[in-house]
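So this note's numbering is basically just the index in the sequence shown, starting at one, shifted up by 25.
Using N, Cα and C, we set each Cβ at its ideal position, and we do this for glycine too.
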Amino acid sequence: MRYAVLGTGEVGRTLGGRLVELGHEVTLGSRSEDNPVAREWATAAAGRAHAGTFAQAAEASEVVINAVGGRVALEALGAVGAGRLDGKVVVDVSNPLAFEDGEPRLDPVESDSVGERIQQAFPHARVVKTLNTVNCQVMVDPGRVPGGHAVFVCGENADAKEQVKELLGEFGWPAGRVLDLGGIRSARAVEMYLPLWLTMFREFGHADFNIEVCRAR
């Protein structure tokens, strides 16, 4: 598969690196074509790794992964352009994290979500929200955390969700631990999990943790 990973931060580089290791072609996208972080990443990963603008990355891809911050996601995808997203699976792993007076806040929250805003802005893209409830290292290596912990998916297109579930399987997530929450509106719920994640991160002192969902059959 050919993937575009938008964002040169730790999340984007981690996802892109793992995809290259799995044999996929990856273009790490950024605002400028000569972004030094993206070019250094592409050089280090070599072979199937490339760097380019957001638009160039999406143009060359079959699947687009939004790994920029939730508050700038629409700006980044707007730079891609709707025509380059039409019909494609857009995987949104972002969270709407904002800081006010040094305190973390969510924006949007409760009555909206980044996932929904992306789907609304690009109605012909097939948006799937996933992986935003775990650290990027756990995203691509769930075995870092013991037990039957879960990851979530939501989106309007069933075929797109199945494709994303296959990708999660490549990352090491067993099918039984990938929980489908339905339509893209459920992105509100998983994005609102972030304050609890941050609280546990501060308490534990590291990010190698996740939640396990136990339910009666």
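Rounded C-alpha distance that separates residue i from residue j
| i | j | result |
| --- | --- | --- |
| residue 235 | residue 116 | 20 Å |
| residue 149 | residue 87 | 14 Å |
| residue 170 | residue 239 | 16 Å |
| residue 66 | residue 74 | 8 Å |
| residue 60 | residue 197 | 31 Å |
| residue 106 | residue 147 | 9 Å |
| residue 155 | residue 206 | 10 Å |
| residue 123 | residue 241 | 37 Å |
| residue 201 | residue 214 | 20 Å |
Where residue i falls: helix, strand or coil (DSSP)
| i | result |
| --- | --- |
| residue 35 | helix |
| residue 86 | coil |
| residue 184 | helix |
| residue 43 | helix |
| residue 95 | helix |
| residue 212 | helix |
| residue 241 | coil |
| residue 54 | strand |
| residue 200 | helix |
| residue 232 | coil |
| residue 48 | coil |
| residue 284 | Residue 284 falls outside the range modelled here, since the chain spans only 26 to 242, and no answer is possible. |
Neighbourhood of residue i by C-beta distance below 6 Å, restricted to the same chain and skipping five residues each side
| i | result |
| --- | --- |
| residue 180 | 152, 153, 186 and 209 |
| residue 52 | 29, 75, 77, 82 and 85 |
| residue 41 | 30, 51 and 53 |
| residue 144 | 152 and 209 |
Any chain D beta carbon closer than 8 Å to residue i
| i | result |
| --- | --- |
| residue 171 | Any reference to chain D falls outside this structure, which holds one protein chain only. |
Spatial neighbours of residue i in its chain, beta-carbon cut-off 7 Å, leaving aside the 5 residues before and after
| i | result |
| --- | --- |
| residue 120 | 95, 157, 216 and 219 |
Cβ neighbours of residue i in the same chain (closer than 8 Å, five flanking residues each side left out)
| i | result |
| --- | --- |
| residue 212 | 117, 138, 139, 140, 141, 154 and 179 |
Go through the stretch 108 to 176 residue by residue and report every complete run of the beta strand (DSSP E) that reaches 3 residues or more, in order. Within the stretch 108 to 176, the complete beta strand (DSSP E) runs of at least 3 residues fall at 114 to 117, 122 to 125, 128 to 131 and 151 to 155.
Any contact between the stretch 122 to 139 and the stretch 190 to 198? By contact I mean 3 or more CB pairs, one from each, below 8 Å. Verdict: no, contact absent.
Okay, do the stretch 159 to 168 and the stretch 136 to 145 touch, 3+ Cβ pairs below 8 Å being the bar? At 8 Å Cβ cutoff, the stretches do not touch.
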